[in-house]
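Undergrad:
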Amino acid sequence: MFQLICGDIEFLIQLRVKVIDEVAKFFNSFSLRRLAVLKSVINIAAQEEHVLTWAETDSVQVALQRRLYIVAKYRELLLRKFLEAHRANFSFGQPWSAMALQIIDLLSAAHSTFVKDLLTQKQRTQATVDKAVLLTVVRSSQF
Numbered sequence: 004m005f006q007l008i009c010g011d012i013e014f015l016i017q018l019r020v021k022v023i024d025e026v027a028k029f030f031n032s033f034s035l036r037r038l039a040v041l042k043s044v045i046n047i048a049a050q051e052e053h054v055l056t057w058a059e060t061d062s063v064q065v066a067l068q069r070r071l072y073i074v075a076k077y078r079e080l081l082l083r084k085f086l087e088a089h090r091a092n093f094s095f096g097q098p099w100s101a102m103a104l105q106i107i108d109l110l111s112a113a114h115s116t117f118v119k120d121l122l123t124q125k126q127r128t129q130a131t132v133d134k135a136v137l138l139t140v141v142r143s144s145q146f
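Heads up, the sequence shown is in our numbering, so the first residue is 4 and it goes up one at a time.
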């Protein structure tokens, strides 16, 4: 079960990385001559807006430099959501309670690891970390 959750998270991470790569590819190969042949400028603009939001900046260049931060932040968010869902749906006395506790322990350990990675990326990019992440770290250590 834990491996399935990790597989789902990795799939979602790869989708986000693909969007970042597409914006980087466009940004690095930008020329006015290409604008005439672009069919989906609106799509590219929407992807660029996502990347800017994820990177917490309004500069595409800065956003692309924060790629690892974006991925670390997204991975932490996904793990946190899975962990919160498993905790919320956990109930003692069920036949699967022992397995559910193991999954919660594994998710909690993975989340702690990725929070550390996120904080490392934050220090490298000088980006701000969401208050929710810090509150989750405090809550995770109390569970």
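Beta carbons: idealized from backbone N, C-alpha and C, even for Gly.
Small disclaimer: the values here were computed from a predicted structure and weren't measured.
From residue 64 to residue 125, what does the alpha carbon distance come to, in whole angstroms?
TA: The alpha-carbon atoms of residue 64 and residue 125 are separated by roughly 17 Å.
Undergrad: If I follow the unbroken alpha helix (DSSP H) through residue 105, where does it start and stop?
TA: Run containing residue 105: 100-128, per the alpha helix (DSSP H) assignment.
Undergrad: Starting from residue 69, follow the alpha helix (DSSP H) in both directions and report where the run begins and ends.
TA: Premise fails: residue 69 is in no alpha helix (DSSP H) and is neither H nor E.
Undergrad: If you count every other CB in all the chains shown that lies within 10 Å of the CB of residue 45, and 16 or more means buried, which is it?
TA: The residue is exposed, with fewer than 16 neighbouring Cβ atoms inside 10 Å.
Undergrad: Can you tell me the Cα-Cα spacing of residue 6 and residue 120, whole angstroms?
TA: Taking the straight line from one Cα to the other gives about 20 Å.
Undergrad: Tell me which residues share the same chain as residue 25 and place their Cβ nearer than 7 Å to its Cβ, disregarding the 5 neighbours each side in the sequence.
TA: 50.
Undergrad: Between 78, 77 and 54, which lies nearest to residue 68 when the distance is taken from Cα to Cα?
TA: Ranking 78, 77 and 54 by Cα distance to residue 68 puts 54 first.
Undergrad: Verify whether the separation of the beta carbon atoms of residue 75 and residue 117 is less than 8 Å.
TA: Yes, these two residues count as a Cβ contact at 8 Å.
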